[in-house]
Amino acid sequence: MSPDVAFIAVLILRMAITAAFVISASVITERSGPVIGALVATLPISAGPSYVFLAMDHDAAFIAQGALASLPINAATMFLGLTYIFLAQRNNVVVSLGCAVIVWFALAYIVQLIDWTLLGGLAVNAVTFAICLPLMARFRHAKMPLITRRWYDIPLRAALVATLVGAVVTLSATIGPTGSGMLALYPIVFTSLMLILHPRIGGPPTAAVIANAGWGLMGFGIAVAVMHVLALRHGSVIALSSALLICMTWNLGLWGWGRRKARYV
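Sequential numbering from 36 applies to the sequence shown in our numbering.
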């Protein structure tokens with residue numbers, strides 16, 4: 036097998052594996068409501084496989100630098116969510132999602148102009164969550180209507196995420212660790228959920244999923260920071276495994292806390 040054919044075969048396999056993650060998460064989200072759906076959506080469904088595949092092609096220093104670039108991008112994703120939540124209450128998906136994506140890319144452009152440190156990345160996340168979480172709070176509760184799945188829903192979601200993974204893996208050698216880290220954290224799962232759910236169930240219920248995801252993104256930001264530190268000290272395998280464990284433990288903790296509060300309401 037020629038090197039080009041082998042590269043294409045491996046790339047297709049990587050894209051297919053990631054698409055499978057998204058299909059599973061999408062089904063769970065639609066059937067479980069905004070709270071559980073948000074916890075699933077903030078697991079590293081897209082960024083996780085992207086980083087795993089990057090680690091297969093690059094050294095630990097590359098992964099550490101990529102994680103450092105991803106940290107402030109996590110804050111940009113919070114503002115994407117906040118923008119969508121406010122606009123989705125009264126606007127269609129084109130306006131709501133379109134403006135949210137523009138906000139994300141504008142912030143991403145600003146982020147890439149700055150030489151970030153770990154402390155700086157943590158600080159911008161702390162400020163972002165202090166601003167966004169209170170503003171999202173009143174939109175977290177909405178009734179989730181019964182969803183009738185259309186034939187193209189799952190293929191579309193899978194194609195979105197697979198395309199992102201393909202772009203990250205293919206472009207990583209050209210755009211470097213900073214560009215790869217930013218591209219890996221483009222909120223493709225959020226985007227696909229907005230794109231598919233909004234036309235079918237309306238803006239407010241879809242916005243409720245995103246509003247509930249705020250606390251999950253906080254755990255994701257912590258995981259990215261830990262990944263940066265551990266990659267430098269212990270290598271990519273330990274860093275990526277620890278980041279995944281943090282995300283899962285954090286979201287399980289949020290789920291348990293929510294159930295506990297529900298008992299006393």
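All residues carry an ideal CB built from backbone N, CA and C; glycine is no exception.
Excluding residues up to 5 positions away in sequence, H263, A266, L267 lie with their Cβ nearer than 7 Å to the Cβ of A99 in the same chain. Per DSSP, F97 is one residue of the alpha helix (DSSP H) stretching across 95 to 123. With contacts defined by Cβ atoms closer than 8 Å, G254 and I281 form a contacting pair. The C-beta distance from N160 to G83 rounds to 19 Å, too long to meet the 8 Å contact threshold.
With a threshold of 16 other beta carbon atoms within 10 Å, G116 meets it and is buried. Using a Cβ distance threshold of 8 Å, A76 and R175 do not count as a contacting pair.
Between the alpha carbons of H269 and Y86 lies a distance of about 16 Å. Between G156 and I145, the alpha-carbon positions lie close to 13 Å from each other. Boundaries of the alpha helix (DSSP H) harbouring N247: 238 to 247, taken from the DSSP string. A Cβ-Cβ separation of about 7 Å places F97 in contact with L89 under the 8 Å criterion. With respect to L142, M283 sits apart: the two C-beta atoms are not nearer than 8 Å.
By the C-beta density criterion, V70 is buried, having at least 16 other C-beta atoms within 10 angstroms. Nearest C-alpha to L132 among P234, A258, A110: P234. Here the alpha carbons of W186 and S105 stand approximately 34 Å from one another.
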